[in-house]
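FYI, in the working numbering the residues of the sequence shown are 1312 to 1472.
Built from N, CA and C at the ideal position, the CB exists for glycine as well.
Remarks on the structure that follows.
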Amino acid sequence: MSEDDHKERLPVAPRRQAAMDMFHNQQTGFFPRGQSITRETVFDYLRTSSDNVKLLDTTGRVIFANKHSRDSIGSRVVNGRYWWDLWPSESHPLVIDALKRVLQGSTVDFLGFRTSQNGSPGWWQVEMAALTDEFDQIDMIFMVARDLTPRVGAQAVASRF
């Protein structure tokens, strides 16, 4: 048996497929389709991704935030905080609604605005999906946010002409 045969495999429940598809999307291209994904591989991705990656519990509290995510927020203390508290108050309805939809089984994608730690404006493409346990019960939420500020800024400038 190879070393890989001893690694714990992630069970793929129906709703977990949406989260796995986020790993397989064209932007990240991180995992080839059909490859068996171990917990170790997933956590390596979570730790090293250049995207903002967070895992939330079902109440909306952050249980994991990668370094890039913590740096963009400007805080090393993220775990245990409610996810919507990391957004400006005017965005709370948007992010709370997104969380509710994920908890109902939807995969969510939205564009949100938040200033960075230095006060500069930022636009974020946020993708969220539920991760389920072996009984297909949601046990956490996988969230990836990509900084679209350069793209949104360029589109705003182009629209002026």
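Between residue i and residue j, is the Cβ-Cβ spacing less than 8 Å?
i     : j     : result
I1452 : L1367 : yes
D1420 : E1438 : yes
W1435 : R1457 : yes
H1379 : D1362 : yes
V1455 : V1353 : no
Mapping the DSSP letters down to three states, classify residue i as helix, strand or coil.
i     : result
E1445 : coil
L1459 : coil
D1355 : helix
D1362 : coil
D1450 : strand
D1368 : coil
Which residues in the same chain have their Cβ closer than 6 Å to the Cβ of residue i, if we skip the five residues on either side of it in sequence?
i     : result
W1561 : Missing from the structure shown is residue 1561; the chain here goes from 1312 to 1472 and no further.
R1358 : N1377
F1375 : L1366
L1459 : W1434 and Q1436
R1392 : V1373
S1383 : N1363
G1371 : Y1393, W1394 and L1410
Can you give me the Cβ contacts of residue i inside the same chain, cut-off strictly under 8 Å, excluding the 5 residues immediately before and after it?
i     : result
Q1337 : With a pLDDT of only 40 at Q1337, under 50, the local geometry of the prediction cannot be trusted, and the value read off the model is given with reservation. So the list is empty, once near-sequence residues are dropped.
P1399 : F1424, R1425 and T1426
S1417 : none
T1369 : L1414, I1449, D1450, M1451 and I1452
A1409 : V1419, F1421, V1437 and M1439
Go through its chain and collect everything with a Cβ distance to residue i's Cβ below 7 Å, but skip five positions before and after it.
i     : result
T1339 : Residue confidence is low: T1339 scores 45 on pLDDT, short of 50, so the model does not pin down where it sits. Its coordinate-derived value is still stated next. If we look at T1339 and ignore the five residues flanking it on each side, it has no Cβ neighbours.
R1412 : V1419
S1360 : N1377 and H1379
M1312 : Note that M1312 scores a pLDDT of 40, beneath 50, so its modelled location is shaky and nothing firm can be said.
N1429 : none
S1274 : With the chain running from 1312 to 1472 in the structure shown, residue 1274 is simply not present.
(message) Please give me, in chain order, every unbroken run of the alpha helix (DSSP H) with length at least 4 that falls completely inside the segment 1392-1448.
(response) Counting only unbroken stretches of 4 or more residues, the alpha helix (DSSP H) elements lying wholly within the segment 1392-1448 are 1403-1414, in sequence order.
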